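Per my numbering, the very first residue in the sequence shown carries number 1336; after that it's consecutive. Yeah, the Cβ is synthetic: ideal placement off N, Cα and C, and Gly gets one too. Note that this is a predicted model, so its numbers are computed, not measured. Accompanying notes for the structure given below.
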Amino acid sequence: MSKKVLTTKQGGNGIIIRCSDGTEYEGDILVGADGAHSAVRQNLYAELKSQNKLFPSDDAALPFNTICLVGQTRPLTTEEFPLLEKEECQFVRIVGNDKPFAWSTFTTMQGRICYSVVQFLNEESSKLHDSFRNSEWGPEAAGVMCDEVRHFPVISGGDKITTLGDLIDLTPKEYISKVMLEEKVFKTWYGGRTVLMGDACHKLSPAGGAGAGNALQDAVVLANYIHALPLHPVVEEIEAAFEAYKTDRIEWCEKAYATSKMLQSVVDKGIKPMIVRFMMRNMPEFMKRRAAEQMYSSRPQVAFLPLDETPASVKPTHQRSLNLKAPVEENDEVPAKAI
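Written out as structure tokens, the structure is:
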């Protein structure tokens, strides 16, 4: 819809949002699913702070100690990048010995090479990059970092593409971005008629691959509780549903946050990352199984759609919202029951 929310205003009878193009929209509930720098969250937190209802930690800026350059080349031939000949995805990660960087490349079925470069920041370098925090993603923000990492070596299986600079030169400008890898699980997920989900309330490092999955699970659980609201809910009933949603989801998000943070440290430097790498290489099978159970046992389903009964090797945990039912109008006809 190409809409950008500027302000929100909620009351006892509804909530109004105002967009940058001057348009306004009114509804009963506002779901903030607008990312790590959520305008909905900022408006909600400003309102709660004025009422002394905001956790102090939620008022602090999103912490970050890494930035990431990501890109995707045009389709390449096997002559240009011989590793493309292999049917399986070829994932290569390199950790710099004398520089605070780690970079990865992986092949795709479409012949494109995807790559990422992670820079680890200390206290001083974090301050230097803080001005980028509120800028838009895109090629302009990535230019300086591209120049900084051009000479980093890559493994292509041949001698035509040997550096990240070669890959950058083969990348359309619109297919390269620089992003902040911020990490935080907020304590405040709702207020009044406004509720948050996804990165808006829990920003995870992509190292764990759990950001999108947890956002989808948020949507499923939240939809169940909204579907079961009374036909004309008051604010107290809406907030009770939001609290139940948060209770169901926040523990899983905190676990995913811890796992993602640990996996992010695998490519860092120092004693702790070395220990993590050693443990991951030598982890017994029963521990791998237990880790998988913790990662994959949260599989919420939509209560008002047919359930997926596909057998799975990991049993799903109990889902409170699965038994919720939508309310029925008092004057609706009730089907006769056979006696």
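Runs of the beta strand (DSSP E) spanning 3 or more residues and lying entirely within the segment 1471 to 1549 occur at 1511 to 1517, 1529 to 1531, in chain order. Within 10 angstroms of the beta-carbon of Arg1447 lie 16 or more other beta-carbons, which makes it buried. Under the 10 Å beta carbon count, Lys1581 is surrounded by 16 or more other beta carbons and is classified as buried. Taking 8 Å as the upper bound for CB-CB distance, Leu1365 and Thr1523 are not in contact here, some 15 Å apart. The C-alpha of Asp1433 lies about 52 Å from the C-alpha of Glu1574. A check of alpha carbon separations from Asp1369 across Ala1535, Leu1389, Ala1395, Tyr1360 identifies Ala1535 as the nearest. For Arg1353, the three-state secondary structure derived from DSSP is strand. Membership of Arg1428 in the beta strand (DSSP E) is indicated by the continuous run 1426 to 1430. With a threshold of 16 other beta carbon atoms within 10 Å, Pro1635 meets it and is buried. Counting only residues of its own chain and dropping the five nearest sequence neighbours on each side, Val1611 has a CB closer than 7 Å to the CB of Met1597, Ser1600, Val1601. The count of Cβ pairs closer than 8 Å, one atom from the segment 1403 to 1421 and one from the segment 1371 to 1389, stays below three, leaving the stretches out of contact.
As a beta-bridge residue in DSSP terms, Cys1403 pairs with Val1453, Val1514.
CA-CA distance, Met1615 to Lys1650, rounds to 24 Å. Scanning the segment 1611 to 1643 for uninterrupted beta strand (DSSP E) segments of 3 residues or longer gives nothing; none is fully contained. In this structure, Glu1518 lies near Ser1540, with their beta-carbon atoms less than 7 Å apart. Relative to the Cα of Arg1655, the nearest Cα in the group Leu1379, Ala1638, Glu1664, Ser1355 belongs to Ala1638. Contact between the segment 1547 to 1559 and the segment 1583 to 1594 is present: three or more C-beta pairs spanning the two stretches fall below 8 Å. Judged by DSSP in its simplified three-state form, Lys1650 adopts coil rather than helix or strand.
Closest in C-alpha terms to Pro1646, from the list Leu1659, Glu1422, Ser1632, Leu1657, comes Ser1632. Collapsing the DSSP output to three states places Val1555 in a helix. Two segments are said to touch when three or more pairs of C-beta atoms, one from each, lie closer than 8 Å; by this definition the segment 1422 to 1439 does not touch the segment 1380 to 1395. About 34 Å separates the beta carbons of Val1489 and Cys1588, which is beyond the 8 Å limit, so they are not a contact pair. Residue pairing from DSSP places Gly1362 in a beta bridge opposite Ile1350. Judged by DSSP in its simplified three-state form, Gln1599 adopts helix. In the three-state DSSP reduction, Leu1341 falls in the strand class (E or B). In the three-state reduction of the DSSP assignment, Ala1575 falls in the helix class.
Distance from the CA of Lys1338 to the CA of Tyr1525, rounded to the nearest whole angstrom, comes to 22 Å.
Counting the other Cβ atoms within 10 Å of the Cβ of Ser1595 gives 16 or more, which makes it buried. Within its own chain, the residues whose Cβ lies closer than 8 Å to the Cβ of Ala1627, once the five positions on either side in sequence are excluded, are Val1649, listed in chain order.
Considering only Glu1420, Asn1400, Thr1497, the residue with the shortest C-alpha distance to Met1515 is Asn1400. Here DSSP, grouped into helix, strand and coil, assigns Ser1392 to helix. Gly1367 is bridged by DSSP to Leu1531. Around the beta carbon of Gly1533, a 10 Å sphere encloses 16 or more other beta carbons of the protein chains shown; the residue is thus reported as buried.
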